[in-house]
Structure formats: C-alpha cells, structure tokens
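Peer 1: Below are the structure tokens for one structure; questions will follow.
In the working numbering, the protein residues as written are 2 to 361.
What follows is the structure, encoded as structure tokens:
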C-alpha cells in the first residue's frame with residue numbers, strides 16, 4: 002500500500018458538526034410563515050416561492066461586471082449611455098444580464114427549497130430573511146454590549162448573512178445525503194470510486210529518503226562556523242562509508258544526531274511546501290538508491306539517500322486510503338445532481354410586466 006499522506010476525517014464528528022449546523026440554521030429561519038406579500042414586489046416564483054425584486058437586484062449587482070466584461074471582450078463594446086440597450090450581433094447587455102440574474106435567483110431559491118423540504122429551513126422568503134437578519138444583528142449587538150464572545154462579524158449585511166445561512170443550510174443538506182449514503186453501505190461508494198479513480202484517485206507521487214542530520218547552531222541559535230565545518234567533515238565521512246557499501250543503519254548510528262528522524266517521506270504533489278525547503282527540493286529529484294550531496298537547511302546539515310520513489314499519477318490510491326474523500330466527493334456530486342434536476346424541473350413563473358420594465 003502506498004504511503005500517501007491522507008488526512009482522514011472522523012465520520013461521527015462530521016455528523017455531530019452537521020447536526021449542530023442543522024439546528025442553528027433551522028432556528029435562524031423558524032418563526033416565519035410562507036410569505037403572503039404584495040405581488041407587485043415579486044419578479045418571479047419558483048414552485049410558488051416568490052423571488053422578491055430585492056433578490057433580483059442583488060443578482061443584477063453581482064453579475065453586472067461580468068456582463069460588461071463579456072461585451073467588452075467579445076464585441077469590443079465601450080461604456081455609453083446606450084450600452085445596456087444596444088444590440089451587439091443580436092446580443093443585448095440588459096437582456097443577458099436580466100436572464101443571468103434570474104437564473105441565479107432560481108438556482109438559489111431551489112437550494113433553499115431543498116433545505117426547506119428536509120425541514121432544515123422553514124421560511125425561505127425574502128421578508129423572512131430580513132427579519133432574521135435584523136434579529137441576529139440585535140442579538141450580536143446585545144452580546145457585544147454585555148462583553149460576551151461573538152464569533153464572526155459584529156454585524157451582518159445582507160450579502161454576508163445570506164452567505165452564512167446558505168453555507169450552513171447546504172452543509173446540513175449534505176449531512177442528510179451523507180447519512181443516506183452510509184446507511185446504504187459501501188457498494189455505491191466503491192462504485193463511485195471505480196468510476197472516478199482515473200480522474201480523482203491517482204497517487205500524487207512521493208519520495209521516501211533516509212536522512213542523516215546534525216545541527217550547526219550554537220546555544221544562541223546562530224550558525225557556528227567552526228561547528229559547521231566539523232559537521233560537514235562528519236557527513237562527508239558518512240557519505241564515503243555509504244558509497245563503500247556500509248548499511249545506512251550502521252552509518253546513521255555513528256553519525257546522525259541522537260533523536261533525529263532518520264526517514265522522511267516527501268509528497269511530490271505538494272509543490273508549494275516543497276519549494277520552501279532545500280531538503281524537500283533535493284529529495285524530490287533523487288532516484289532510488291541515489292544519494293544527495295550535503296544540504297544546509299534550517300540550521301542543520303543533511304545527507305539523504307532515496308529508498309523509494311513513486312511517480313505522480315503512476316498508480317491508483319487504494320479505496321481504503323481515500324474512502325473519506327470518496328464519501329465527500331460522492332455527497333457533493335449527489336447534491337449538485339439534485340440541484341440540477343430540481344432546477345430543470347422547477348415551475349418558474351415570471352412576472353413579465355415587472356421583468357420587462359426593469360432598467361439599469
């Protein structure tokens with residue numbers, strides 16, 4: 002089995018965390034009934050759930066720059082008073098912007114409705130959202146006044162509070178999907194692994210080296226030139242003994258500093274981390290049985306010998322090594338599939354008078 006360094010999460014801890022999030026989000030949206038607002042304030046409905054004009058305006062604001070950049074790059078369009086209503090090869094900026102904004106609103110509402118269907122959210126209307134935002138900010142202000150600990154910002158605006166609620170409700174939905182996946186056993190997960198291992202579950206590659214190291218720092222943690230020369234001579238002797246066929250174990254016993262780590266595995270996929278250390282940079286280039294020259298790194302001199310090397314993408318990671326990642330990928334895929342299918346089948350009713358009259 003490859004010695005790939007994989008961080009495994011604990012299923013029980015994940016489920017507990019998600020359960021807490023579910024309680025938090027449900028509480029945040031409780032206390033509000035289905036909105037019965039003014040129809041003139043609604044630009045569309047999704048399965049009967051209203052998309053408020055303010056929600057649409059938010060999506061307009063978030064997409065405005067991207068639409069402007071598109072017309073600049075594709076049509077060399079400059080900003081002018083008539084930019085938004087001008088047709089560029091049949092494409093009109095304001096119409097493209099409105100369509101993208103409405104599509105985003107529909108997808109957002111579908112995500113919230115899925116959480117509502119599972120009992121995670123109770124009120125997904127915009128007025129209900131505003132009530133909860135106000136209540137949360139009042140709670141935070143009171144807590145700060147009483148010198149209590151408040152996590153996150155002192156005060157939420159609409160964008161940050163929506164992101165907070167959407168993130169937590171999405172996590173809670175994924176917890177539900179994860180619980181279902183675990184109840185079904187591992188057959189679906191193993192099938193997912195087999196179907197996706199070519200793209201997702203290949204080894205990133207690693208190199209395992211044996212290492213002899215000695216410090217060259219004095220008691221003030223400064224490099225001691227005399228000690229550096231002494232250690233260099235010792236490692237040169239060690240290098241010569243290894244070249245003559247002596248075992249690494251015997252040489253390390255004679256020359257390595259007591260208590261130092263004699264074996265090191267380098268993840269070849271972690272290029273950023275490897276670039277910070279001369280030891281890892283050197284190890285990454287060694288072939289099996291090849292020895293390095295003496296390397297200075299972090300106040301010590303090092304001598305390396307490569308004993309194992311696996312090239313990136315040269316083999317698959319075993320299912321047991323990556324099963325937690327497989328579970329996470331499976332749940333994420335199931336979530337996106339559900340949202341895509343729900344969006345495609347959603348009954349969207351657009352209030353054309355309000356939609357068509359919208360101007361920048």
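Positions of the beta carbon are idealized from the N, C-alpha and C atoms, including for glycine. It should be emphasised that the depicted structure is a prediction, and the values quoted were computed from it without experimental measurement.
#1: For residue 305, report the span of its alpha helix (DSSP H) as first-last.
#2: Please go through the same chain and pick out, in chain order, the residues whose beta-carbon is closer than 7 Å to the beta-carbon of residue 352, but skip the five residues on each side of it.
#3: Since I believe residue 54 is in contact with residue 340 (beta carbons under 8 Å), could you give me their beta-carbon distance rounded to a whole number of angstroms?
#4: Leaving out the 5 sequence neighbours to the left and right, which residues in its chain are closer than 7 Å to residue 249 when beta-carbon positions are compared?
#5: Between the C-alpha atoms of residue 225 and residue 289, what's the straight-line distance to the nearest angstrom?
#6: CB of residue 302 to nearest heavy atom of the ligand PLP: below 7 Å?
#7: What number of angstroms, rounded off, separates the C-alpha of residue 229 from the C-alpha of residue 236?
#8: Would you mind reading off the limits of the alpha helix (DSSP H) that contains residue 338?
#9: Between 56, 48 and 49, which lies nearest to residue 356 when the distance is taken from Cα to Cα?
#10: Ignoring anything shorter than 3 residues, give me the beta strand (DSSP E) runs that lie fully in the stretch 247-277, in order along the chain.
#11: How big is the Cα-Cα spacing for residue 256 and residue 302?
#12: To the nearest angstrom, how far is it from the Cα of residue 120 to the Cα of residue 321?
#13: Taking the beta carbon of residue 361 as the centre, do at least 16 other beta carbons fall within 10 Å, making it buried, or is it exposed?
#14: How is residue 79 classed by DSSP in three states: helix, strand or coil?
#15: Using 8 Å as the threshold, is the stretch 155-173 in touch with the stretch 122-137, meaning 3 or more CB pairs across them?
#16: Going by beta-carbon coordinates alone, are residue 349 and residue 182 separated by less than 8 Å?
#17: Where does residue 353 sit, in a helix, a strand or coil, going by DSSP?
#18: Among the residues of its own chain, which have a CB less than 6 Å from the CB of residue 314, if the five just before and after it don't count?
#19: Would you give the residue range spanned by the beta strand (DSSP E) that residue 362 belongs to?
#20: If residue 50 sits next to residue 114, beta carbons under 8 Å apart, how far is it from one beta carbon to the other, in whole angstroms?
#21: Measuring alpha carbon to alpha carbon, tell me which residue in 345, 164, 323 and 65 is nearest residue 195.
#22: Would you kindly work out how many angstroms separate the C-alpha atoms of residue 25 and residue 70, rounded to a whole number?
#23: List the DSSP bridge partners of residue 205.
Peer 2: Reading it off the structure:
#1: Along the chain shown, read from residue 1 onward, the residue named residue 305 stands at position 304. Where residue 305 is concerned, there is no enclosing alpha helix (DSSP H), although the beta strand (DSSP E) around it starts and stops at 301-311.
#2: Along the chain shown, read from residue 1 onward, the residue named residue 352 stands at position 351. Residues 43, 44 and 45 of the same chain have their beta carbon placed closer than 7 Å to that of residue 352, with the five preceding and five following residues left out of the count.
#3: As a working mapping, residue 340 is identified with position 339 in the chain shown. As a working mapping, residue 54 is identified with position 53 in the chain shown. Contact flag wrong, Cβ pair sits at about 24 Å.
#4: Taking the first residue of the chain shown as position 1, residue 249 is located at position 248. These residues qualify, in order along the chain: 211, 243 and 306.
#5: Here residue 225 corresponds to residue number 224 of the chain shown, with the count starting at 1. Here residue 289 corresponds to residue number 288 of the chain shown, with the count starting at 1. About 33 Å.
#6: Absence of the ligand PLP from the depicted structure is noted, as is the absence of any ligand whatsoever, leaving it without description.
#7: As a first step, residue 229 must be located in the chain shown, where it is residue number 228. As a first step, residue 236 must be located in the chain shown, where it is residue number 235. Going from the Cα of residue 229 to the Cα of residue 236 covers about 11 Å.
#8: Start at 1 with the first residue of the chain shown, and residue 338 comes out as number 337. Boundaries of the alpha helix (DSSP H) harbouring residue 338: 320-346, taken from the DSSP string.
#9: In the chain shown, the residue the question calls residue 356 occupies position 355. Nearest option by C-alpha distance: 56.
#10: Fully enclosed beta strand (DSSP E) runs of 3 or longer: 264-268.
#11: Taking the first residue of the chain shown as position 1, residue 256 is located at position 255. Taking the first residue of the chain shown as position 1, residue 302 is located at position 301. Using only the alpha carbons, I get a separation of about 12 Å.
#12: By 1-based counting over the chain shown, the position of residue 120 is 119. By 1-based counting over the chain shown, the position of residue 321 is 320. If I take the Cα positions, the gap works out to 34 Å.
#13: Translated into positions along the chain shown, residue 361 becomes position 360. So residue 361 ends up on the exposed side.
#14: For the purposes of this step, residue 79 is taken as the residue at position 78 of the chain shown. Residue 79 falls in the coil class under three-state DSSP.
#15: Result yes; three or more Cβ-Cβ pairs closer than 8 Å.
#16: Position 348 of the chain shown holds residue 349. Position 181 of the chain shown holds residue 182. Not closer than 8 Å, so no.
#17: Here residue 353 corresponds to residue number 352 of the chain shown, with the count starting at 1. Looking at residue 353 - three-state DSSP - the assignment turns out to be helix.
#18: Residue numbering aside, residue 314 sits at position 313 when the chain shown is read from its first letter. Once the five neighbours on either side are set aside, the close Cβ partners of residue 314 are 203.
#19: A question about residue 362 goes unanswered here, because the residues of the chain that appear run from 2 up to 361.
#20: Mapped onto the chain shown, residue 50 falls at position 49. Mapped onto the chain shown, residue 114 falls at position 113. Contact holds; Cβ gap of about 6 Å.
#21: Numbered from 1 along the chain shown, position 194 holds the residue referred to as residue 195. Measuring from the Cα of residue 195, the nearest candidate turns out to be 323.
#22: In the chain shown, the residue the question calls residue 25 occupies position 24. In the chain shown, the residue the question calls residue 70 occupies position 69. Below a pLDDT of 50, predicted positions are generally treated as unreliable, and residue 25, at 44, falls in that range; the measurement from the model is reported next regardless. Linking residue 25 to residue 70 through their CA atoms gives a straight-line distance of about 39 Å.
#23: On the chain shown, position 204 is the one that residue 205 refers to. DSSP output for residue 205 lists no bridge partner at all.
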